[in-house]
Each structure stands twice: as structure tokens, then as C-alpha cells.
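Position one of the sequence shown corresponds to residue 1 (the numbering used here), numbered consecutively onward.
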Amino acid sequence: MTMKIDVKGPIISNDEAWIYDLFEMDATCPGTITTKLNEANGEDIVVVINSPGGYVYEGSEIYTALKSYSGRVETQIVGLAASAASFIAMAGDKVRIAPTGQIMIHNGSMWNHGDHQGMKKAADMLRIVDKSIVNAYVIKSGKSEEELLQMMDEETWMSPGQALENKFVDEIMFMENPVKVTASSAVSAMLPQKVIDGLRNGVWNKEKTEGITKEDLSVALVGLKKEILNDLQNNIEKKPKEPSPKPVKNGGIKGLFLKL
């Protein structure tokens, strides 16, 4: 028996998952993947990927969990595997891509503030991040680190044929059912950090919702949900950009992520 595990929407932290659930938005966190792997208990798994990427370290945790899994892992890129999701895809014993799929690799990005010393430290850290991320591509493709880092510098987008040629995938899938396509090219976006912070610390703090029925919460969230989803839709550009990451404690460094 083969278990299917979805990697859909942005790659987020475990403590943000409930917020995305409130808005019924796709997102993937390490805890969900770990739970699924434990349930699979060594059986073969198929990881279905359609994600714009997200947090670097959470992506690394998911990649490591899949690589360490005792059973056979097949990853299927059915839509987009960009940024952090691209190296998650490399964890498969076999990597397949839909005829309509895409892969994108690039350098890590971060929010930062401070003086010139802080900026230099941030730049040095990002170089280390890139040299860590590239290992997943080296292991899968067999290409040199130098060549792959250059591809990351150039923000490389790959069609199925290009991904196969560059050995990022093992084969192109034959799909009997057509993939749904919309004119807006809608890619799941990460919630703005102010929304996440507000829900954590404001009136919608998780602890403050205890005792409130599901129906009460659903009614109260309707207006807020519509407003946020409208803002997200209006902010989608022709070339989607992955929004702000969570902060990390490292002097003036405010967040580390792969920016799409």
C-alpha cells in the first residue's frame, strides 16, 4: 500500500499552521509531514508537491525527514516546486514532474536591519545558507556545486524537459487528467506577517478562542477572512513573490527564507 502526502502551499513553521487552517489556506509544516511519515510506518509514500516555497529551515527539516524515511519515497511535482519546495522535491528516491510542472531554484533571502557590520554578517550568513541548500541539488543531479550555485544566482526556472535534462527529475509524468489552469496563475501565498502576529497576539489569539464554539468563530472570521484573501489576491503580481518570513534571533537579522 502506498500513502500519499501533500506538500501544498507555502512551507511554514509548526506554530503558524493553525492560522492558515483558520483561513482554509494550503500550507505545509514539518510537524504534519512527520506525523504522516509515522503513520506510513515504512510503507512506500508518494509526496505530491505544488508549493512556492517558504522558510529555509523548515524546508530543510522536511527534506531531512523524507531522506531519512525507511520506506521508498517518490516525489511528484504536479504544479510548482519553487524555492524551498524545490529542494524538498530532491528528497525522493524517484523524482517525477507533470508535463505542466515547473522547478525554480535561487538564493536565500532575508529581512535585516542594522549597521554595516550587521549587513556584512547577514550577507555572510546567506552565502552559508546557499552553500547548504545547494547540497540537495548536488546529491540529486550530480552537477558541480559551482555550476549549481551559478544557477541559483541566476534564479533558474526549469520546464519539465529542462528539469529532466539537468537531472533534477528522473522522468516526466503522463497524466490522464488535465491540470486545472486559471488565467490568474494563482499560486498559494503566505499570509502577511502582520496577520500572523495579530492572530497570535491580538483578539484572535488561539488561547483566547478557548470556549468559543466553532460556529461562533466561523461567523466572526468571515469578514476578516474575506478582507485578507482579497488583499492577497490583489497583491499577486505577474511574477509572484514569496512574502515576509518569520523573524529569527541573530542580532539584527529579522528573517531567513527563500524569496520567490
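Ideal placement from N, C-alpha and C gives every residue a C-beta, glycine not left out.
Hey, how far is the Cα of Val78 from the Cα of Met125? Taking the sequence shown and counting its residues from 1, one reaches residue 78 at position 78. Taking the sequence shown and counting its residues from 1, one reaches residue 125 at position 125. Answer to the nearest angstrom: the Cα atoms are 32 Å apart.
For Leu199, the three-state DSSP class (helix, strand or coil): The residue labelled residue 199 in the question sits at position 199 within the sequence shown. Leu199 falls in the helix class under three-state DSSP.
Residue span of the alpha helix (DSSP H) that contains Asn107, given as start and end: Taking the sequence shown and counting its residues from 1, the one referred to as residue 107 is at position 107. Secondary structure note for Asn107: it is in no alpha helix (DSSP H), with a DSSP letter that is neither H nor E.
If you run the structure through DSSP and keep just helix, strand and coil, what is Val179? For the purposes of this step, residue 179 is taken as residue 179 along the sequence shown, with counting starting at 1. Any reading at Val179 is ruled out, since the residue's pLDDT is 41, under 50, leaving its predicted position unreliable.
Taking 8 Å as the cut-off, is the CB of Ile11 close to at least one heavy atom of the ligand NAD? You won't find the ligand NAD in this model; it holds no ligand whatsoever.
Close Cβ partners of Lys4 (< 7 Å) along its chain, the five nearest in sequence each way excluded: In the sequence shown, counting from the first residue as 1, residue 4 sits at position 4. Around Lys4: Val46, Val48.
Among Gly108, Ile139, Asn112, nearest to Ile128 - alpha-carbon criterion: Position 128 of the sequence shown, counted from the start, is the residue given in the question as residue 128. Comparing Cα-Cα distances from Ile128 to each of Gly108, Ile139, Asn112, the minimum goes to Gly108.
If the criterion is Cβ atoms closer than 9 Å, does the pair Phe87 and Ile12 meet it? Translated into the one-based positions of the sequence shown, residue 87 becomes position 87. Translated into the one-based positions of the sequence shown, residue 12 becomes position 12. No, the Cβ-Cβ distance between Phe87 and Ile12 is not below 9 Å.
Please classify Tyr69: does DSSP put it in a helix, a strand, or coil? Your numbering for residue 69 matches position 69 in the sequence shown. Three-state result, Tyr69: coil.
Could you give the distance in angstroms between the alpha-carbon of Ala98 and the alpha-carbon of Thr75? Counting from one through the sequence shown, the residue named residue 98 turns up at place 98. Counting from one through the sequence shown, the residue named residue 75 turns up at place 75. The straight-line gap from Cα to Cα measures roughly 11 Å.
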